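Okay, so here's the structure we're looking at.
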Amino acid sequence: MSQFSHLNTQGEANMVDVSDKVDTKREATAQGFIYVSEAVIAQISDATIAKGDVFAVARVAGIQGAKRCSDLIPLCHPLALSKVDINFDIEAEKGRIKATCYCKLTGKTGVEMEALTGVNVALLTLFDMCKAIDPGMTLSDIRVVEKKGGKTGHWSATVES
48 MSQFSHLNTQ GEANMVDVSD KVDTKREATA QGFIYVSEAV IAQISDATIA
98 KGDVFAVARV AGIQGAKRCS DLIPLCHPLA LSKVDINFDI EAEKGRIKAT
148 CYCKLTGKTG VEMEALTGVN VALLTLFDMC KAIDPGMTLS DIRVVEKKGG
198 KTGHWSATVE S
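Encoded structure:
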């Protein structure tokens, strides 16, 4: 039976001590979706949204979110990320936009939380920039889809297309 690494022997929350771990190259990719109206897809595609280039703003916001993960999630270690990449795919036939966040570093702990934070902030920024057109948008299926490095090595989720 595995134990929660963020609990001490008394069952109290604590930050995991990673000082004795070996630095390794670590990578993680998270993805999520925002379901939007046809009007949102049309205005993003035509670059006619009043607030400007939604993907450019959401990309910067997602990068900033990944970098600030430890400020938001109390027991996450502050990490010196070497790479954060945010991408978007309009899937008009499914009425959604897919966001992905890839994070990389060489360090003592993984970057899954940073990738998840980055994709969430990117999606929230898309929501903020498009809410005047479609206040009923929905964020969905946010998850880690791949991680590499550390003692567990490579892991990949079964990804639906």
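Using the numbering used here, the letters of the sequence shown map in sequence onto residues 48 to 208. For each residue, glycine too, the CB sits at the ideal point set by N, CA and C. The structure presented is a predicted model; accordingly, all values stated were derived computationally and were not measured.
Query, Result
"Cβ separation of Ala75 and Lys194, assumed to be a contact under 8 angstroms, to the nearest whole Å", "4 angstroms"
"Beta-carbon contacts of Leu146 that lie in its chain and below 6 angstroms, excluding the five residues immediately before and after", "The residue you asked about is not Leu; residue 146 is Ala in the sequence shown. Only Gly79, Phe135, Val166, Ala169 and Leu170 meet the Cβ criterion."
"Cβ pair count under 8 angstroms reaching 3, the region 118 to 126 against the region 81 to 89", "no"
"Start-end ranges of the beta strand (DSSP E) lying completely within the region 58 to 92, minimum 3 residues", "71 to 82"
"At least 3 beta-carbon pairs within less than 8 angstroms: the region 88 to 102 vs the region 152 to 160", "no"
"Cβ-based burial, Arg73 [other Cβ within 10 Å; buried from 16]", "buried"
"Distance between Leu128 and Ile137 (C-alpha atoms, nearest Å)", "27 angstroms"
"Ala162 versus Gly109, Lys141 and Thr95, residue with shortest Cα-Cα distance", "Gly109"
"Beta-carbon spacing of Ile144, Val83 below 9 angstroms", "yes"
"Nonlocal neighbours in the same chain, by C-beta distance under 6 angstroms from Gly142, ignoring five residues either side", "Tyr82"
"DSSP-derived helix/strand/coil call for Ala146", "strand"
"Outcome for Thr199 when other beta-carbon atoms lying within 10 angstroms are tallied against a minimum of 16", "exposed"
"Proximity to Glu159 [Cα-Cα], best of Arg106, Trp202, Asp67 and Phe174", "Trp202"
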